[in-house]
Structures are given as structure tokens and as C-alpha cells.
Amino acid sequence: MPLTPAEIERYRRQIMIEGWDVAGQERLQSATVFIAGAGGLGSPVSMYLAACGVGTLRICDCGEPELSNLNRQILHDDSRIGINKAVSARQTLNQLNPHVNIIALPEAITDHTIAELAGNASLIVDCLDNFETRHVLNRYAVKKKIPLIHGAIHGFNGQVSVFHTPRTPCLACIFPPEVPPEIFPVAGFTPGVIGLLQATETIKILLGLGSPLYGTLLIWDGALADFQKIAICKSPACTVCGAQA
Amino acid sequence: MHTQLSEQERERYHRQIILPGWGPEAQETIKNAHVFIAGAGGLGSPVSMYLAAAGVGTLRICDCGEPELSNLNRQILHDDSRIGINKALSAKQTLEQLNPDIRVEARTDIIDDDSVAEIIGEVDLIMDCLDNFDTRHVLNRYALREHIPMVHGGVSGMNGQITFLHPPETPCLWCIQPGSPPPVLFPIVGATAGVIGTLQALEALKYLSGVGKVLKSNLLVWDGATMDFMTLPQKKNPACPVCGDDVA
């Protein structure tokens, strides 16, 4: 669907980017992205993807905002305590950009539900807080051959990578199937920084701009504001993407 | 007046209070802090929203402009309903909704050498969220005179930079960027301003809480297209007309 003059004006400053153009903006408009999690990472990811005009966002979270979430989960505020996070997200995102279609999915992500939840998304953004569910996303992304933009945080630290097999390793090549969940410390800006790096990678992939973090894990130490890139390799014995899988 | 954390605030900020070295003490310091945010646009949006969410007690945010449609791809403080009202006033509305425990003061004035002292007043920290170097240098001169630290952020296209300025320990902004490049309407991706703005918020909270190490005498430069981060050491210019040896 061609952009209206009002939409072209709204996105003018990014359409000016070399290689973006009106055609790129129309590609964003026709894209569907699945955002798993509407918490600390999901807040900046969904808000910036909505603001820049990604046409359809399917956002999924089965939890409700709690008071102790509000130091960082800027999708929500005190008035949303007690309603579902995905539903609260839809309210914030609709207000932020009425041109974007927001689908709220207040459900748990499992191997049984993932296909229906992700729908026709061409890309998945991992904004989760536990590795068990991350591996559900990973298995699905490998099967569908779609990119998975991984982000995770702990305290002042965070990491980002782009998994897209068979071109890159998958999540299971480098992280064990299950890391036990815990209540970890988290300052607001940590998921802010990591979520925005994920949003940047998402936009680059949807538009074919720049070089995304394929086969590279970006590790961030917020206490020192220090970033490191680590090359990551496929595991031939990987039970998800390996030769035996 | 120094105020303590309520039970409810302890719960709200619990996940950061448990950060190593943070504790209720640092949270209380943050609650009693005053931060000035110059600009309520692409950088000012994430900076003010994350500082508000983290519980910085008083935010004074200044912008003389109004949100335009072409701002909304990145300025998440504002939305279509705010077009036509002042940006600082729009910001105050968004931030008070985000965290009713903090105090937000909106200033709608133009920042220049005559108005800057009255606009900023006594604050613990200045956040440079501007889009032009002429006004940045006004902030720089005031910060230097009043010995207030300043977190500089700047973006263009898919690139950005950030540093923590606190002369005489560090260079001043003029040492790093003498003069002003001519103002141009540059392209800008929302997420780029978001990355640099959240990094600025991080520097502010590290400084206020005393946890971690701020980017003193280092310019962090980010290339969003390649995801390359570089830390470039910065030196004071002894002949700097703003902070140099010959300045009386």
C-alpha cells in the first residue's frame, strides 16, 4: 500500500538516510515483526519500531505490570498495574503511532503455541527474561528460517546477536538448553541500551542496510560503557540446527 | 531538603536497588538529585523517560519548540495529540504519567548566554540533548563557570557520540569540538537517538549513584550500520579559549 503524504512527512527524517528512501519505508510498512516480551527489552524495542513505522507488531506477554517493573518498563505506568502487559503495550503503541497495527497476544509462549503467536512474522525479536522460552523461539526461528534478534541483560551487562540459520549459528549452539531463572538486578538503562541495539538490528535487516551482527555476539559492560564483539561459531553437534537435527 | 524513600518507592526501584554497590542509599541520592535536560526531542525523549523511570527526583526539561509531524519517528515523549503545544510541556505530561513520584519542571525558553543561568539554576548535572553546537557551547560555558558536570550526546544518521565533561578534570566541549559546524537538516533514525540517549541516561545514573565508571576524557563513538563502538581518549587543549590556561 503506498504511503500517504502525511506518512511520508512523519518519516521524512529517516527516509533521508542513504539506502532507505520511500521504497524502504514501504517495506517497513508491509513488514510484520513478532516481539516476544513486553517488559524491559520489549518496551524500547516496540516503542521505537512503532515510531519508525513497522506496519504490524505482534507483541506477546502473559504477565501483568508490577510496581517493581516500572523503573524500566516504559510501556507501562501505575495506571496499568493489573492489566495484561501485551494489552497495556497495545494501548501505549496505538497512542504513539496510530498508523501501525498492534496485535496484543496475552499468552504463554510454548512449542505448541509459538506458530500461532508468531503468525506471518518475518522476524522475531527476543525480549524475554528466561532461556527456556528463548529456546522455544530459537527452535521456531530455525524451522522457519527467519531471523531471531537476541537480547539479554543482567545487572549492568547485556548482549545482542542476530541468529539466522543456516547462515549463522543458532541460540542453542552457544547457550545451554536451560539456564535456571532467577530474580536478577536490573537498572532501567540496561534494557534500554540493549533493546535499542535490537531495534537498530531489526530495522537494518528489514531494510537490508549496513551489516547486522551475524555470527557475532556483542557484549556490553554498562558499568564501564565498554563494548566487545565476539565471533561465534556453529556447533556441528547442535541438536537444533546441526547436521543430526 | 533531603527526603527518604517511602516503602512504595523501595518496591518500585527494588530491581536496581539490588545492583551491587547501589542499595537504598544511592537510590535516595538519586531521589534528591536535580538534573537539567536541555532539549525534549530525539535525545531528550529517552534521557528524560529513563531518568524519570529510574527515580531522579527533580527533572528540569527545557525546549522552546513544538512537536512537528516529522519529529514523531523518534521523539517518543510526544505523539499526534501534542502537535501544537510546547515540547517541554508535552514532556512534563508524559513524564508525570510515567512516574508520579518525581517532580518535573518545564521550561519553554530559548537558551542563550543571557538566559542560561536563570533557566538552569542550581543543578547536579546537565544533559546535553540538543541538535546544534551554538547552544551546546552556551551550556558548556555555563557548566564550566558553575563547575557542573555535563553529559554530551550527539547523533546524525546512524551514528552517534557521547562523553562525560567535568573540567578541569576533563576537557570541555570546546576542546573536543571547537566552534559550530553549520546547521543542516540531517537524516536521523529514531533508534540511533534512542541508543545514544539511553547511554547518556546511564552515564547520568552512574555519576549520581557513584556506581561504575563514567566516560571522563573519553568520547564513545558509535556506528549503527556496523555496530562498532570506539572509545577515543580526549585531551584538554591548553589553548582552549573556554577552559584553557589563559582564560582569566
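Chains A and B supply the protein sequences, listed in that same order. When we follow the numbering used here, the leftmost residue of the first sequence carries the number 1, and every step to the right adds one. When we follow the numbering used here, the leftmost residue of the second sequence carries the number 1001, and every step to the right adds one. Think of the CB as a built atom: it goes at the ideal place given N, C-alpha and C, for glycine as much as any other residue.
Do A/VAL186 and A/GLY151 have their C-beta atoms within less than 9 Å of each other?
Taking 9 Å as the Cβ cut-off, A/VAL186 and A/GLY151 do not qualify as a contacting pair.
Less than 7 Å between C-beta atoms, sequence neighbours within five positions excluded: which residues of the same chain meet that for A/GLY210?
These residues qualify, in order along the chain: LYS204.
Beta-carbon separation of B/TRP1222 and B/VAL1189 under 9 Å?
Their beta carbons are not under 9 Å apart, which means B/TRP1222 does not touch B/VAL1189 by this criterion.
So is A/ARG139 buried or exposed if we call it buried at 16+ other beta carbons inside 10 Å?
Buried, because 16 or more other Cβ atoms sit within 10 Å of the Cβ of A/ARG139.
Closest Cα partner of A/GLY208 within the set A/ARG13, A/ARG12, A/GLY19
Distances from the CA of A/GLY208 to each of A/ARG13, A/ARG12, A/GLY19 were compared; the closest alpha carbon is that of A/GLY19.
Report yes if the C-beta distance between B/LYS1087 and B/LEU1072 is below 9 Å; otherwise report no.
No. Outside cutoff.
Residues bridged to B/VAL1221 by DSSP?
Paired residues: B/GLN1161, B/MET1230.
Cα-Cα separation between A/ALA118 and A/LEU197, rounded to whole angstroms:
A/ALA118 and A/LEU197 have their C-alpha atoms spaced approximately 22 Å apart.
Contact between the segment 1140–1148 of chain B and the segment 1195–1212 of chain B: three or more CB pairs below 8 Å?
Segments in contact, no.
If you reduce the DSSP assignment to three classes, tell me which class A/HIS154 lands in.
Reduced to three states, the DSSP call for A/HIS154 is strand.
Between the C-alpha atoms of A/ALA121 and B/ARG1103, what's the straight-line distance to the nearest angstrom?
One C-alpha to the other measures close to 41 Å.
Please confirm whether any heavy atom of the ligand ADP lies closer than 8 Å to the CB of B/LEU1019.
As presented, the structure is devoid of all ligands, the ligand ADP included, so that no description of it is given.
Evaluate B/VAL1056 with the Cβ neighbour count: other Cβ atoms within 10 Å of its Cβ, from every protein chain shown; 16 or more gives buried, anything less gives exposed.
That one is buried.
Kindly identify the DSSP beta-bridge partner or partners of A/PHE163.
Note: A/PHE163 sits in a beta bridge opposite A/LEU148.
Using a beta-carbon distance below 9 Å, is A/ASP126 in contact with chain B?
No - not a single Cβ of chain B is within 9 Å of the one on A/ASP126.
Of the residues B/VAL1035, B/ALA1033, B/ARG1074, B/GLN1016, which one's Cα is nearest the Cα of A/LEU70?
Closest option to A/LEU70, Cα to Cα, is B/GLN1016.
Status (buried if at least 16 other CB within 10 Å, exposed otherwise) for B/ASP1109:
Flag for B/ASP1109 reads exposed.
Is A/VAL100 close to chain B, meaning its C-beta is less than 9 Å from at least one C-beta of that chain?
Not one chain B Cβ lies under 9 Å of A/VAL100.
Beta-carbon proximity list for B/THR1029, same chain, < 8 Å, skipping 5 on both sides
Here the set comprises LEU1208, SER1209, GLY1210.
Proximity test, Cβ basis, 9 Å: B/ILE1076 and chain A:
Any Cβ of chain A closer than 9 Å to the Cβ of B/ILE1076 would place that residue at the interface, and such an atom is present.
Taking 9 Å as the threshold (C-beta atoms), are B/TRP1174 and B/ASN1140 in contact?
Contact flag set, yes.
Which residues, in chain order, does the segment 7–41 of chain A contribute to contact with chain B at a C-beta distance below 7 Å?
So the close ones are GLU9, ARG10, TYR11, ARG12, ARG13, GLN14, MET16, ILE17.
Are the Cβ atoms of A/ILE17 and B/PRO1187 separated by less than 9 Å?
A/ILE17 places its beta carbon less than 9 Å from that of B/PRO1187.
Which residues in chain A sit within 8 Å of B/ALA1201, going by Cβ to Cβ distance?
Under the 8 Å cutoff, chain A gives GLY188, PHE189, GLY192.
Any beta carbon of chain A sitting closer than 9 Å to that of B/ASP1245?
No, its Cβ sits nowhere closer than 9 Å to a Cβ of chain A.
Under 9 Å between C-beta atoms, does B/ARG1012 make it to chain A?
It does: the Cβ of B/ARG1012 has a partner Cβ on chain A nearer than 9 Å.
Can you name, in chain order, every residue of its own chain whose Cβ lies under 6 Å from the Cβ of A/GLY42, other than the five neighbours on each side?
If we look at A/GLY42 and ignore the five residues flanking it on each side, its Cβ neighbours are ILE35, CYS127.
Which class does B/ARG1145 belong to by DSSP, given the choice of helix, strand or coil?
Of the three classes helix, strand and coil, the one that applies to B/ARG1145 here is helix, per DSSP.
Between A/TYR140 and chain B, is the shortest Cβ-Cβ distance under 9 Å, so that the two count as touching?
Answer no: the Cβ-Cβ gap between A/TYR140 and chain B never drops below 9 Å.
Cβ closer than 8 Å: which chain B residues qualify as neighbours of A/TYR48?
Chain B residues near A/TYR48: ARG1074, ILE1076, GLY1190, ALA1191, GLY1194.
Quick test of your reading: B/VAL1155 and B/LEU1069, contact by CB under 8 Å. State the CB separation rounded to the nearest angstrom.
The pair is not a contact, with the Cβ atoms about 20 Å apart (cut-off 8 Å).
Distance CB(B/VAL1047)-CB(B/MET1150) smaller than 9 Å
The Cβ atoms of B/VAL1047 and B/MET1150 do not sit closer than 9 Å to each other.
If A/ASP221 and A/PHE156 are in contact, beta carbons under 8 Å, what's the gap, nearest whole angstrom?
With 8 Å as the limit, A/ASP221 and A/PHE156 qualify as a contact, their Cβ atoms being about 7 Å apart.
Delimiting residues of the alpha helix (DSSP H) encompassing A/THR200
From DSSP, the alpha helix (DSSP H) with A/THR200 extends over 189–207.
Under 7 Å Cβ-Cβ, which residues of chain B neighbour A/ARG72?
Under the 7 Å cutoff, chain B gives ALA1053.
Run through chain A and tell me which residues come within less than 8 Å of B/PRO1046, C-beta to C-beta.
Identification of chain A residues near B/PRO1046 by a Cβ-Cβ cut-off of 8 Å yields PRO44, GLY192, LEU196, ordered along the chain.
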